[in-house]
Amino acid sequence: MTRVWLPCGDYHEHYAKDHGWWQTNVIRGKMILLLLIVSVGFPLFFGGYWLGVANMIGYTALGALGVQLLIGYAGLITLGHAAFVAVGAYTSTLLVLRFPWPEAIVTWGLAYPISIIIAAIVAGLWSVLFGLPSAKVKGFYLILTTMAAQFITVDFILTQYVSRIGGRGQAFSLPPGTIKIGPWFIDSDLKVYFLMITLLTLTVLVMANLLRTRVGRAWVAIRDNDIAAETLGINIVWYKLLNFFVAGFIGGIAGAFWVSNCAALSPEHFPWSWSLWLVGVILIGGAGIDGAIFGSIFMVMVMEILQIIAIPLSEYWPIVFVNFAYVKDMAFGLAICAFLIYEPRGLSYRWWQVKNYFNLWPFSY
Amino acid sequence: MELFFMTLTTGIMVGGIYALVALGWVLIYKCSGVLNLAMGELTLFGAYVTLSFYTMGVPFVVSILCTLIIGIVLGILVERIFLDKLIGEPILAVIMVTVGLSFFFRGLIEFVWGTDTRVFTPAIFSLKPFTIGFLKISTVYFWSFVLAIVLFLVFVAFFKYTRWGLSMQATADDETAALSLGVSARFVYAASWAIAFMAAGVGGALLGNINGVNISIGYLGLLVLPAVVLGGLNSVPGAVVGGITIGVLQNFAGTYLDAFFPGGVKEIFPFAFMAIFLLFMPYGFWGWVKIERM
Chain G
35 MTRVWLPCGD
45 YHEHYAKDHG
55 WWQTNVIRGK
65 MILLLLIVSV
75 GFPLFFGGYW
85 LGVANMIGYT
95 ALGALGVQLL
105 IGYAGLITLG
115 HAAFVAVGAY
125 TSTLLVLRFP
135 WPEAIVTWGL
145 AYPISIIIAA
155 IVAGLWSVLF
165 GLPSAKVKGF
175 YLILTTMAAQ
185 FITVDFILTQ
195 YVSRIGGRGQ
205 AFSLPPGTIK
215 IGPWFIDSDL
225 KVYFLMITLL
235 TLTVLVMANL
245 LRTRVGRAWV
255 AIRDNDIAAE
265 TLGINIVWYK
275 LLNFFVAGFI
285 GGIAGAFWVS
295 NCAALSPEHF
305 PWSWSLWLVG
315 VILIGGAGID
325 GAIFGSIFMV
335 MVMEILQIIA
345 IPLSEYWPIV
355 FVNFAYVKDM
365 AFGLAICAFL
375 IYEPRGLSYR
385 WWQVKNYFNL
395 WPFSY
Chain L
191 MELFFMTLTT
201 GIMVGGIYAL
211 VALGWVLIYK
221 CSGVLNLAMG
231 ELTLFGAYVT
241 LSFYTMGVPF
251 VVSILCTLII
261 GIVLGILVER
271 IFLDKLIGEP
281 ILAVIMVTVG
291 LSFFFRGLIE
301 FVWGTDTRVF
311 TPAIFSLKPF
321 TIGFLKISTV
331 YFWSFVLAIV
341 LFLVFVAFFK
351 YTRWGLSMQA
361 TADDETAALS
371 LGVSARFVYA
381 ASWAIAFMAA
391 GVGGALLGNI
401 NGVNISIGYL
411 GLLVLPAVVL
421 GGLNSVPGAV
431 VGGITIGVLQ
441 NFAGTYLDAF
451 FPGGVKEIFP
461 FAFMAIFLLF
471 MPYGFWGWVK
481 IERM
């Protein structure tokens with residue numbers, strides 16, 4: 035499991051230390067520094083636009099973490115994760131807008147936090163429903179089931195029924211000031227950013243710890259060889275469904291978070307291409323939780339850079355800017371293909387290599 | 191009762207087109223083991239290319255032939271550039287390359303042709319339906335079906351009687367044995383992609399005649415997935431039966447279930463059906479049951 039070697043001269047003296055999360059004080063210091071940078075440094079030095087980009091990265095990362103749990107840790111390939119993100123988003127929105135909350139809860143600003151939890155649970159259960167065929171099929175057949183989940187949930191149930199609740203058209207509007215946590219209204223990019231950082235940190239902590247338990251090891255065993263896992267006494271159906279639940283749960287959190295970031299919610303936010311996008315992100319990012327986060331940063335940044343390039347180009351060739359969404363699609367498709375062919379282990383593998391190089395420097399043996 | 195038969199015939203006719211596209215899909219899977227999720231975009235591509243030729247004043251049949259040729263070239267290119275390097279990689283990698291291709295093609299198509307619905311002008315088939323007995327059949331559906339069947343027979347004959355077709359069959363059956371008999375696997379892979387592009391292209395052109403060409407054709411192209419699941423992933427007759435069944439089921443759902451579930455039940459029903467079908471018969475009617483050992 036240890037993919038990163040310890041620096042020269044560092045040895046573990048106890049097993050507990052070997053299993054420790056942050057194995058040396060340097061690593062602990064680095065992680066605390068990272069937390070400080072993302073929670074204080076980044077918002078101090080970067081303005082509104084880049085905060086919006088960071089929120090997009092966080093949303094992508096939350097979604098991709100769920101996909102990483104399914105594909106990367108249990109080998110259950112999903113191409114319909116946007117459906118569960120959508121379920122989370124819609125549950126949260128409906129709860130915030132329509133549920134008759136007691137007066138006290140609204141004044142204390144608890145409605146949205148409670149709705150996040152309920153949304154996550156509902157999305158998790160919805161995910162289990164479509165995970166049921168995984169008891170019988172795997173690989174390509176499971177892909178088809180998750181695709182069906184996407185089309186049934188987003189294109190049918192959400193578009194045709196849920197969007198019509200309250201006699202409105204396609205979208206639920208969320209005017210600023212609707213979303214309130216405690217005394218704060220989530221109405222600026224900065225506040226959304228802090229919400230994103232909190233949720234992302236919590237999710238990563240919970241997921242990283244979960245993967246170190248019996249449950250996480252069972253998932254990895256199922257991924258590596260499910261028949262062998264079964265002979266070892268792992269109830270594979272139960273653990274697969276649990277994996278679907280947790281992945282859907284994280285997807286639900288992502289969806290509920292997205293609600294705070296957008297002014298109106300409509301099914302177009304969760305197309306099938308968004309599911310594919312999430313899978314692409316973890317393919318580009320590589321294995322592990324850091325893979326999902328690297329992938330999100332990489333993809334969102336590449337799109338931003340493309341946009342920055344496209345703006346001066348548009349003077350000479352306006353069609354590029356008008357049709358920028360399609361250029362994005364093309365770039366994303368090519369990026370997936372290129373990574374799969376030339377860098378199949380993703381960005382996180384390179385990151386480990388760099389870290390190992392410096393950890394072992396100057397004695398690289 | 192008349193409604194029932196009308197729905198049935200329309201279903202069979204549309205199903206014929208699905209069957210043609212599904213044939214291309216099964217072919218790729220049989221020959222090279224690639225599960226292709228880009229079929230929708232290939233269909234879309236065919237529709238737009240045919241439309242472009244037709245708008246330039248080329249007769250319809252000639253523009254379909256041109257689409258076929260472009261399909262062959264593109265199929266070989268795609269296989270050579272992307273999929274050739276992935277032989278033997280895990281299933282997810284291969285599937286995701288096709289997903290990447292589908293993103294690329296979709297972006298390219300929308301970039302070049304835009305997203306407005308376009309129609310074949312002047313209309314190729316007359317809008318007036320003709321009647322057989324008490325059945326009213328729309329001309330578009332009828333000729334599309336006929337063309338799909340003709341092409342289908344051409345493909346089947348190609349597999350049965352030509353040297354290339356036979357070598358493809360051999361590779362699909364047992365790759366190692368075929369290689370030792372001097373069949374070039376690389377050639378077969380390229381040929382299977384070329385044929386899939388051709389089938390999808392013609393399917394797209396025909397579907398584009400029915401409701402006009404827009405991005406939803408790509409969605410119709412995705413319907414091959416329920417079709418191939420129904421028939422079994424590696425069965426050519428299964429693709430035909432599956433395609434026609436999906437066409438019929440879809441139209442029945444549109445006619446009879448729409449009253450209960452207003453909205454897009456017609457579009458969604460094949461996928462809902464597929465999800466439930468997979469629970470009970472994951473390998474379809476004629477697919478090979480995969481037996482796994484440690």
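First to last, the sequence lines map onto chains G and L.
For the first sequence, our numbering begins at 35 and goes up steadily by one.
For the second sequence, our numbering begins at 191 and goes up steadily by one.
Don't be surprised by glycine CBs; every beta carbon is placed ideally from N, CA and C.
Notebook entry, point to check: Of all the CB atoms in chain L, is at least one closer than 8 Å to the CB of G/G97?
Noted result: no
Check: Does the beta carbon of L/F301 come closer than 8 Å to any beta carbon on chain G?
Finding: yes
Next item on the list: Output yes or no for whether 8 Å exceeds the beta carbon distance between G/D324 and G/W253.
Entry: no
Next item on the list: Return no unless some Cβ of chain L is closer than 8 Å to the Cβ of G/Y175.
Entry: yes
Checklist line | Same chain only: Cβ atoms within 7 Å of G/S73, ignoring 5 sequence neighbours per side | finding: I231
Notebook entry, point to check: What does L/I407 touch in chain G if you count any residue whose Cβ is under 9 Å from its own?
Noted result: Those within 9 Å of L/I407 in chain G number zero; the least Cβ separation is about 15 Å.
Next item on the list: Answer with buried or exposed for G/D363, where buried requires no fewer than 16 other C-beta atoms within 10 angstroms of its C-beta.
Entry: buried
Checklist line | Nearest-angstrom beta carbon gap, L/G201 and L/N441 [assumed within contact, 8 Å] | finding: 4 Å
Margin query: Restricting to Cα atoms, I'd like to know which of G/F373, G/L229, G/K64, G/G173 is closest to G/F291.
Written below: G/L229
Notebook entry, point to check: Relative to chain L, which residues along the segment 348 to 368 of chain G have a C-beta separation below 9 Å, given in chain order?
Noted result: I353, V354, N357, A359, Y360, V361, K362, D363, M364, A365, F366, G367, L368
Next item on the list: Could you please give me the residues that DSSP links to L/V403 through a beta bridge?
Entry: L/R308
Check: Does the beta-carbon of G/N59 have 16 or more other beta-carbons within 10 angstroms, so that it is buried, or is it exposed?
Finding: exposed
Item checked: C-beta contact flag for L/K456 and L/A443 at 8 Å -> yes
Item checked: Reduced DSSP category for G/W218 - H, G, I as helix; E, B as strand; rest coil -> strand
Check: Under a CB-based cut-off of 8 Å, is G/L129 close to chain L?
Finding: no
Margin query: With three or more C-beta pairs closer than 8 Å as the rule, is the segment 115 to 126 of chain G touching the segment 285 to 305 of chain G?
Written below: yes
Next item on the list: Specify, as a first and last residue, the run of the alpha helix (DSSP H) that G/F164 falls within.
Entry: 145 to 165
Check: Any beta-carbon of chain L closer than 8 Å to the one on G/Q194?
Finding: yes
Next item on the list: Just tell me which of L/A237, L/V373, L/L264 has its CA closest to the CA of L/I254.
Entry: L/A237
Item checked: Cutoff 8 Å; reference L/G300; Cβ partners in own chain excluding five residues on either side -> Position check: residue 300 of chain L holds Glu in this sequence, whereas Gly was assumed. I405, listed in sequence order.
Item checked: Minimum Cβ-Cβ distance from G/G380 to chain L less than 8 Å -> no
Next item on the list: On the DSSP bridge assignment, give the partners of L/L325 in chain order.
Entry: L/I322
Margin query: Going by C-alpha to C-alpha distance, which of G/G97, G/I61, G/V271 sits closest to G/A169?
Written below: G/V271
Note to self: Give me the subset of the segment 314 to 338 of chain G whose CB atoms are less than 9 Å from a CB atom of chain L, sorted by chain position.
What the structure shows: G314, L317
Check: Can you tell which of L/F250, L/I260, L/G261 has the C-alpha that lies nearest to the C-alpha of L/L337?
Finding: L/F250
Notebook entry, point to check: If we count the other Cβ atoms within 10 Å of its Cβ and call it buried at 16 or more, is G/A50 buried or exposed?
Noted result: exposed
Check: How is L/F450 classed by DSSP in three states: helix, strand or coil?
Finding: coil
Note to self: Check this for me: beta carbons of G/A82 and G/D223, under 8 Å apart or not?
What the structure shows: Sequence inspection shows Gly at residue 82 of chain G; the Ala mentioned does not correspond to that position. Yes. Within cutoff.
Check: Between the C-alpha atoms of L/V373 and L/A360, what's the straight-line distance to the nearest angstrom?
Finding: 8 Å
Notebook entry, point to check: Alpha carbon to alpha carbon, how far is L/G323 from G/A369?
Noted result: 56 Å
Notebook entry, point to check: So is G/I342 buried or exposed if we call it buried at 16+ other beta carbons inside 10 Å?
Noted result: exposed
Checklist line | L/E365 versus L/M203, L/L217, L/V204, L/C221, residue with shortest Cα-Cα distance | finding: L/C221
Check: Would L/L410 pass as a contact of L/L397 if the rule is Cβ separation under 8 Å?
Finding: yes
Notebook entry, point to check: Name the DSSP beta bridge partners of G/L299, please?
Noted result: G/F206
Item checked: Between the CA atoms of L/A390 and L/L264 - distance to the nearest angstrom -> 12 Å
Note to self: Tell me which residues share the same chain as L/V152 and place their Cβ nearer than 6 Å to its Cβ, disregarding the 5 neighbours each side in the sequence.
What the structure shows: Residue 152 of chain L cannot be examined here, being either before or after the span of chain L that is shown, 191 to 484.
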